[in-house]
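Quick note, in UniProt numbering, the sequence shown goes up one by one and the last residue is 215. Notes to accompany the following structure.
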Amino acid sequence: MMPSKPKALHPFVSPQEVIVKKNLNLENGQAKEYVYVWDAARQHLEPQSLYPRTVLSQYCHEQGGKFSLLHRSRLSLVKENAQRSSLNKNRYVTQGIGAYQCHLSSQTQKNWIVSIEPVSERQQDKKGTRAVRLLTQMFTLNEAHNFYQANKTASKVRKPGNDKAEAKTTVKEVEKADLDKKETDKQENRVSLEQPAVVTRRKVETPQQQQMKLY
Numbered sequence: 001m002m003p004s005k006p007k008a009l010h011p012f013v014s015p016q017e018v019i020v021k022k023n024l025n026l027e028n029g030q031a032k033e034y035v036y037v038w039d040a041a042r043q044h045l046e047p048q049s050l051y052p053r054t055v056l057s058q059y060c061h062e063q064g065g066k067f068s069l070l071h072r073s074r075l076s077l078v079k080e081n082a083q084r085s086s087l088n089k090n091r092y093v094t095q096g097i098g099a100y101q102c103h104l105s106s107q108t109q110k111n112w113i114v115s116i117e118p119v120s121e122r123q124q125d126k127k128g129t130r131a132v133r134l135l136t137q138m139f140t141l142n143e144a145h146n147f148y149q150a151n152k153t154a155s156k157v158r159k160p161g162n163d164k165a166e167a168k169t170t171v172k173e174v175e176k177a178d179l180d181k182k183e184t185d186k187q188e189n190r191v192s193l194e195q196p197a198v199v200t201r202r203k204v205e206t207p208q209q210q211q212m213k214l215y
């Protein structure tokens with residue numbers, strides 16, 4: 001069980017040591033599983049998914065720093081859309097992920113950035129307990145910018161302006177087609193009007209032919 005209120009972290013000399021010694025990842029450095037939804041019988045328990053953020057936030061505050069969100073997570077490491085959707089709807093996940101910066105006021109201390117990103121999620125048992133795998137790692141300012149900016153660009157939808165341009169093009173094409181059809185109809189009507197009308201002439205009979213009819 002993850003402690004909801006970690007003890008003082010002063011003995012650690014760096015946030016990386018906190019990550020390692022507090023086992024925020026697996027021993028091999030890979031993402032670690034944390035419960036974010038307990039089954040009905042254990043709903044009174046605190047979700048574990050906020051633990052990495054809580055530990056690192058406390059360490060930052062103990063250093064006299066301010067712990068704040070630098071980049072919002074876009075769950076880019078989660079491959080399955082259904083998993084991403086489930087995680088994105090749960091506040092015990094979304095409130096504990098992303099890139100966080102510890103801003104230290106002392107000139108002798110260096111600001112640091114930590115990234116906490118979900119990798120996948122699953123149902124742990126048949127009772128409904130669900131867990132998320134979180135990867136916690138240190139980033140430089142440039143690394144954080146490149147990682148989160150790249151994911152932001154990749155997840156962008158088409159701009160509304162593009163849809164308007166396409167719609168405008170479609171309207172123009174329809175209008176042009178209508179004009180072409182009208183022009184074709186005019187040409188067909190013109191051809192019909194210019195064709196000579198067929199006139200049936202009445203045959204004129206001579207006086208001799210008229211006299212022959214009398215006989």
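Glycine included, each C-beta is placed from N, C-alpha and C at the ideal position.
CB of residue i within 8 Å of CB of residue j, strictly
i    : j    : result
I116 : R74  : no
V37  : T129 : yes
V132 : L87  : yes
Q101 : N90  : no
V114 : L56  : yes
Counted within 10 angstroms of its Cβ, other Cβ atoms place residue i as buried (16 or more) or exposed
i    : result
G64  : exposed
T108 : exposed
E121 : buried
V78  : buried
T140 : exposed
Residue i to residue j span [Cα, whole Å]
i    : j    : result
N23  : G96  : 16 Å
H71  : Y148 : 7 Å
H44  : Y92  : 14 Å
T170 : N81  : Low confidence applies to T170: its pLDDT is 41, below 50, so where it sits in the model is not reliable, and the reading given next is rough at best. The alpha-carbon atoms of T170 and N81 are separated by roughly 33 Å.
K126 : R42  : 14 Å
S106 : E143 : 23 Å
L26  : K32  : 5 Å
R84  : S76  : 9 Å
P16  : T136 : Reading off the sequence, residue 16 comes out as Gln, not Pro. Distance between the alpha carbons of Q16 and T136: 10 Å.
8 Å Cβ cutoff, residue i in contact with chain D
i   : result
V35 : Chain labels in this structure do not include chain D; a single protein chain is all it has.
Would the region 39 to 57 and the region 145 to 153 be scored as touching if the rule is three or more Cβ pairs under 8 Å?
no
Which parts of the region 2 to 77 are runs of the alpha helix (DSSP H), unbroken and 4 residues or longer, counting only runs that do not cross its ends?
15 to 21, 51 to 62
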